[in-house]
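Engineer: Residue numbers (the numbering used here): 2 to 753.
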Amino acid sequence: MFSRTPILLGMATALTVAPALAQVPVAPAPVAPTPPTTPTAPKPTRNELVQAASSGNLDRVKAIVATNPEFVSGNESQSPLAAAVSNTQVEVVRFLLENGADPNAGGWNTTPLAQVMSRYDDKWKPIADLLADKGADVNALDESGMTILQRTLQNNNERQKDRVVWLLEHKANIYATSRGGTSALDTAINSSGTEAMKLILAKADLKRRDELGQTPLFGAVRTGKIDVVRLLLERGAEINTQNVYGETPLHIAARGDATGNPNSELLKALLEAGANANLANVRGDLPLHIALRRDVALDRTFNPQTGDYPAPANPNSIPRGLQLAPLIDKTDINVRDGGGLSSLVLAIVTRDAESRELIRDKTPKNDSTADLFDAVAGGESAKVAEILKAKPYLAFFRLADGSTPLHIAALWGTLGSAQELAKKGADFNARDARGLTPLHYALRNPTGRFARRAINMTEFLLSKNANPNIATPTGDAPIHLAARAGDAELITLLLDKKALINARGMGGETALLILTNKSTNLALYKTLLTRGADANAASTTGADPYGARLISSNQYRFPTQISGAGTTPLHRAVLTQRTDLISALLEKGAKLETLDSSGRTPLGAAISSSGYNNNGENINDVVSLLLSKGADPTVKIERGDLLSFAVERGNADLVRTLLATKKFTFEGSGRRTSLLFTAVGNGRVEVVRALLDGGANPLETDNNGRTILQAAYSDEVKKLLNERIALIPGGKAVIEAAPAANPRVLRRGPEF
């Protein structure tokens with residue numbers, strides 16, 4: 002039997018020794034050195050790809066695409082394909098397309114194909130071919146809503162034909178419409194070059210109709226291009242086809258150009274090609290009826306700045322009746338229009354004397370009504386009396402437009418006819434369908450041979466108690482119509498019969514405002530003021546008092562359009578540069594500080610318009626007059642103060658006149674660029690001289706420490722500055738330092 006004692010003692014010894022061993026320090030294992038780290042290369046960005054594509058760095062493009070293939074597609078603002086196309090980097094375009102770039106996306110608000118087709122050079126074709134091979138849509142709309150073919154056809158130049166050929170070869174649709182509803186065919190007819198147009202027409206179905214039932218011939222006729230019309234007719238276009246309104250191309254031609262004047266050559270070409278002048282539209286109108294209703298005989302134009310009213314007759318113009326002669330010759334003149342009026346009566350109501358005579362030469366079959374109106378227009382008072390004796394009720398007869406025989410007598414100025422109608426009780430205040438009375442008719446266009454007639458007729462109508470204050474729907478009373486004619490006798494007649502001198506017409510215009518123009522008779526103008534015309538009555542809207550809307554409400558940029566809300570007679574007078582009118586207005590209390598809709602006083606209007614006025618030679622006289630009467634020269638306009646504007650416009654006389662008021666300072670004015678720096682930068686030597694004479698400092702510097710002389714680039718200006726600076730102590734050093742300090746100035750001029 003073994004004893005357990007030695008075993009237990011051994012265990013105890015082990016347990017006793019273990020803690021002691023645990024306390025012995027152990028040397029740490031050696032740590033391997035950390036190898037140096039290699040910097041991680043920055044990831045390329047999509048913008049880097051765009052830049053590489055733009056510069057044609059194909060290797061860089063490939064490297065970026067290799068690590069970031071998703072960049073190929075680009076996004077709205079960063080398109081590698083658009084960048085490459087824009088800079089005609091053919092190989093980059095090829096690579097991007099082969100690596101998944103969408104040929105129809107990424108053209109910066111358009112397609113890549115539209116983008117390259119708009120280039121002005123001949124580098125478009127290789128890229129266009131690549132895009133087409135990858136499925137570019139040749140009929141996609143660009144940013145303006147036009148097809149590529151339409152846009153190409155608008156550019157009438159020697160490069161147009163090749164691009165049109167390419168597009169047609171790649172199945173461009175000549176009928177595809179823009180967002181505006183027009184097709185490439187329409188564009189070709191309206192605005193392309195002849196060769197390109199022929200290419201389109203060769204592909205066109207000339208019988209194809211649009212939603213209004215119109216064939217290409219209708220569009221060609223609207224353009225008035227006779228050569229295009231003839232080309233279409235030669236290719237088989239149907240001459241008498243009718244649209245959904247029943248109108249033929251001849252109806253379209255009968256409407257004339259934008260002003261309503263007929264194109265006799267176009268009418269003749271259509272008629273010679275077989276156009277039927279007796280086809281009526283759905284309303285029942287023949288082409289001649291449409292032509293005769295165009296009120297061009299009464300058209301008027303007036304520029305209050307130049308005083309061109311009445312519009313001077315064009316010595317080479319052909320009377321409308323003679324232009325319509327081919328149409329009159331081919332028309333059955335006994336056919337009435339949709340309103341029941343014959344061709345003769347239509348010529349009468351538009352006071353078309355030539356057409357009336359041509360129609361009468363064809364001996365139309367008239368009823369008693371037509372006979373009466375014809376006799377009234379012709380001043381055949383005996384015949385008028387005879388017809389009225391048999392049928393007195395015809396004195397009250399109304400045509401479809403509401404006009405009575407007395408309206409026609411007033412229009413034609415046939416006093417004897419009016420007197421016969423008066424005997425039968427004709428209504429002197431009868432209104433037609435447009436609200437016009439016989440007095441309005443008499444004053445519609447009192448010019449030429451009708452001027453004297455209008456005066457006699459107006460006097461007669463007023464003697465029969467015609468109301469001188471009935472306004473038209475546009476607001477014009479007879480006094481406004483007479484003022485537009487500028488006829489003193491007519492105006493006096495109306496005023497003597499209690500016409501309201503300050504009545505507001507179209508656009509809130511008074512007669513005085515209308516008469517404030519370049520050609521107004523001073524005596525007449527003073528008469529109106531003496532009789533109570535308000536010298537401060539301002540217009541209320543932006544309507545042109547002479548019948549047309551303003552080109553723009555921006556009075557600053559279009560000073561010849563001098564009507565706008567808040568325009569007073571004094572504003573208008575300064576813009577017409579009539580110092581006599583200005584004096585007359587000031588004598589009657591015209592206010593110098595009234596603001597127009599652009600925030601300008603009359604002085605501000607005069608100066609701010611001087612730079613754009615073709616007749617600006619008298620503007621300094623106008624400004625001097627206003628200043629002498631107390632106008633404030635320190636008022637502000639949209640470009641700053643008046644002196645700054647005069648400096649910018651380069652008007653040295655105005656600069657001197659304004660400086661003479663002693664109301665301006667050169668120091669601490671708050672101007673971003675000093676007046677002298679502005680004048681020097683513009684190279685205006687006389688303005689620079691005026692400023693220096695007025696006390697400007699030739700040694701001043703700008704915020705960058707640049708001197709006036711360093712800013713000068715005009716030889717004349719530099720010479721003047723050298724002369725003035727040389728007179729100042731230390732000036733010679735300034736002169737010598739100028740080129741060395743900024744030699745760029747000598748080469749490129751100042752940079753503002």
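Cβ atoms here follow ideal geometry from the backbone N, Cα and C, with glycine treated the same way.
Taking the alpha-carbon of Leu234 as reference, which of Gly417, Ala270, Glu248 has the nearest alpha-carbon?
Structural biologist: Position 233 of the sequence shown, counted from the first residue, corresponds to residue 234. Measuring from the Cα of Leu234, the nearest candidate turns out to be Ala270.
Engineer: Taking C-alpha atoms, which residue in Arg399, Ser369, Phe398, Gly379 lies nearest to Ile388?
Structural biologist: Within the sequence shown, the letter at position 387 stands for residue 388. Answer by Cα proximity: Ser369.
Engineer: Skipping 5 residues on each side, what residues in its chain have a beta carbon closer than 7 Å to that of Phe646?
Structural biologist: By one-based count along the sequence shown, residue 646 stands at place 645. For Phe646, where only same-chain residues beyond five positions count, the Cβ hits under 7 Å are Ile608, Ser609, Ile638, Arg640.
Engineer: In this structure, does DSSP put Ile388 in helix, strand or coil?
Structural biologist: Walking along the sequence shown from the start, residue 388 turns up at place 387. Helix, per DSSP.
Engineer: Under the rule that 16 or more other beta-carbon atoms within 10 Å means buried, what is Val735, buried or exposed?
Structural biologist: In the sequence shown, the residue the question calls residue 735 occupies position 734. Counting Cβ neighbours within 10 Å, Val735 comes out buried, since at least 16 surround it.
Engineer: Alpha carbon to alpha carbon, how far is Leu710 from Lys720?
Structural biologist: Position 709 of the sequence shown, counting from 1, holds the residue named residue 710. Position 719 of the sequence shown, counting from 1, holds the residue named residue 720. Cα to Cα, the separation comes out at about 10 Å.
Engineer: Within the same chain, show all residues whose beta-carbon is closer than 8 Å to that of Ala64, passing over the 5 residues directly before and after it, in chain order.
Structural biologist: Numbered from its first residue, the sequence shown carries residue 64 at position 63. Contacts found: Pro45.
Engineer: When the Cα atoms are used, what is the spatial distance from Leu373 to Leu323?
Structural biologist: Here residue 373 corresponds to residue number 372 of the sequence shown, with the count starting at 1. Here residue 323 corresponds to residue number 322 of the sequence shown, with the count starting at 1. Leu373 and Leu323: Cα-Cα distance of roughly 25 Å.
Engineer: If you follow the alpha helix (DSSP H) that Met118 is part of, which residue opens it and which one closes it?
Structural biologist: Position 117 of the sequence shown, counted from the first residue, corresponds to residue 118. That run of the alpha helix (DSSP H) goes 113 to 118.
Engineer: Distance, Cα to Cα, Arg284 vs Leu268?
Structural biologist: Mapped onto the sequence shown, residue 284 falls at position 283. Mapped onto the sequence shown, residue 268 falls at position 267. Those two C-alpha atoms are separated by around 21 Å.
Engineer: Smallest Cα separation from Ser184: which of Asn140, Glu668, Leu627, Gly476?
Structural biologist: Residue numbering aside, residue 184 sits at position 183 when the sequence shown is read from its first letter. Ranking the options by Cα distance to Ser184, first place goes to Asn140.
Engineer: Go through the region 712 to 746 residue by residue and report every complete run of the alpha helix (DSSP H) that reaches 4 residues or more, in order.
Structural biologist: The region 712 to 746 contains these whole alpha helix (DSSP H) runs: 716 to 727, 732 to 742.
Engineer: In chain order, what residues of the same chain lie with their CB nearer than 6 Å to the CB of Asn277, ignoring the 5 residues before and after it?
Structural biologist: Counted from its first residue, the sequence shown places residue 277 at position 276. Once the five neighbours on either side are set aside, the close Cβ partners of Asn277 are Asn241.
Engineer: Is Ala255 a contact residue of the ligand FAD, with contact defined as CB to any heavy atom under 7 Å?
Structural biologist: For the structure depicted, the ligand FAD is absent and the ligand set is empty, with no information on it obtainable.
Engineer: Quick check on Ala632: buried or exposed, where buried means 16 or more other Cβ atoms within 10 Å of its Cβ?
Structural biologist: In the sequence shown, residue 632 corresponds to position 631, counting from 1. It is buried - the Cβ of Ala632 has at least 16 other Cβ atoms within 10 Å.
Engineer: Count the C-beta pairs between the region 178 to 198 and the region 211 to 225 that are closer than 8 Å, then say yes if the count reaches three, no if not.
Structural biologist: Because the criterion of three Cβ pairs below 8 Å is met, the region 178 to 198 and the region 211 to 225 touch.
Engineer: What is the rounded straight-line gap between the Cα of Glu687 and the Cα of Glu588?
Structural biologist: In the sequence shown, the residue the question calls residue 687 occupies position 686. In the sequence shown, the residue the question calls residue 588 occupies position 587. Between Glu687 and Glu588, the C-alpha separation is close to 35 Å.
Engineer: Measuring straight from C-alpha to C-alpha, what distance separates Ala281 and Leu395?
Structural biologist: Against the sequence shown, residue 281 aligns to sequence position 280. Against the sequence shown, residue 395 aligns to sequence position 394. Using only the alpha carbons, I get a separation of about 29 Å.
Engineer: Flag this pair as yes or no: are the beta carbons of Thr473 and Leu514 separated by less than 8 Å?
Structural biologist: Reading the sequence shown from its first residue, position 472 is the one you call residue 473. Reading the sequence shown from its first residue, position 513 is the one you call residue 514. No, the pair does not count as a contact, with Cβ atoms beyond the cut-off.
Engineer: Where do the ends of the alpha helix (DSSP H) carrying Lys654 lie?
Structural biologist: By 1-based counting over the sequence shown, the position of residue 654 is 653. It is worth fixing the name first, because residue 654 is Asp in this sequence and not Lys. From DSSP, the alpha helix (DSSP H) with Asp654 extends over 653 to 660.
Engineer: Would you kindly check if the distance between the Cβ of Leu200 and the Cβ of Val166 is under 8 Å?
Structural biologist: Sequence index remark: in the sequence shown, residue 166 carries index 165 (1-based). Sequence index remark: in the sequence shown, residue 200 carries index 199 (1-based). Yes, they are a contact pair.
Engineer: Can you check which of these residues, Asp654, Val648, Asn652, is closest to Phe678 by C-alpha distance?
Structural biologist: As a first step, residue 678 is located in the sequence shown; it is residue number 677 there, counting from the start. The option with the nearest alpha carbon to Phe678 is Val648.
Engineer: For the alpha helix (DSSP H) holding Thr577, just list the boundary residues, first then last.
Structural biologist: For the purposes of this step, residue 577 is taken as residue 576 along the sequence shown, with counting starting at 1. Looking at the DSSP string, the run of the alpha helix (DSSP H) that includes Thr577 is 570 to 577.
Engineer: For Thr521, which of helix, strand or coil comes out of DSSP?
Structural biologist: Position 520 of the sequence shown, counted from the first residue, corresponds to residue 521. Coil at Thr521, not helix or strand.
Engineer: By DSSP, does Asp206 sit in helix, in strand, or in coil?
Structural biologist: Your numbering for residue 206 matches position 205 in the sequence shown. Here Asp206 sits in coil by DSSP.
Engineer: Count the other CB atoms within 10 Å of the CB of Ser343; is the residue buried (16 or more) or exposed (fewer)?
Structural biologist: For the purposes of this step, residue 343 is taken as residue 342 along the sequence shown, with counting starting at 1. It is buried - the Cβ of Ser343 has at least 16 other Cβ atoms within 10 Å.
Engineer: Does DSSP classify Lys172 as helix, strand or coil?
Structural biologist: What you label residue 172 is simply residue 171 of the sequence shown in a count that begins at 1. Note: Lys172 maps to coil in three-state DSSP.
Engineer: Of all the options Asp60, Ala254, Gln116, Ala54, which has the alpha carbon lying nearest to the alpha carbon of Leu293?
Structural biologist: The count along the sequence shown starts at 1 and reaches residue 293 at position 292. Residue Ala254 is the option with its Cα nearest to Leu293.
Engineer: For Asp633, which three-state DSSP category applies?
Structural biologist: Mapped onto the sequence shown, residue 633 falls at position 632. In this structure, Asp633 counts as coil in the three-state DSSP scheme.
Engineer: Exposed or buried, which one is Val350 when buried takes at least 16 other CB atoms within 10 Å?
Structural biologist: Locating residue 350 in the sequence shown gives position 349, counting from the first residue. Flag for Val350 reads buried.
Engineer: What's the call for Arg445, buried or exposed, on a 16-neighbour Cβ count within 10 Å?
Structural biologist: Taking the first residue of the sequence shown as position 1, residue 445 is located at position 444. Per the 10 Å Cβ criterion, buried.
Engineer: I need the boundaries of the alpha helix (DSSP H) containing Ile360, first residue and last residue.
Structural biologist: Locating residue 360 in the sequence shown gives position 359, where the first residue counts as 1. Residues 354 to 361.
Engineer: Excluding sequence positions up to five away, which residues of its chain have a Cβ less than 8 Å from the Cβ of Glu737?
Structural biologist: As a first step, residue 737 must be located in the sequence shown, where it is residue number 736. Contacts found: none.
Engineer: Is Thr178 helix, strand or coil by DSSP?
Structural biologist: Reading the sequence shown from its first residue, position 177 is the one you call residue 178. Strand at Thr178.
Engineer: Around the C-beta of Ala739, are 16 or more other C-beta atoms found within 10 angstroms, so that it is buried, or is it exposed?
Structural biologist: As a position in the sequence shown, residue 739 is number 738, starting the count at 1. Ala739 should be labelled buried.
Engineer: If I measure Cβ to Cβ from Leu168 and keep anything under 7 Å in the same chain, skipping five residues before and after, which residues do I get?
Structural biologist: As a position in the sequence shown, residue 168 is number 167, starting the count at 1. Cβ neighbours of Leu168 beyond the five flanking positions: Val139, Ile149, Leu150, Thr153.
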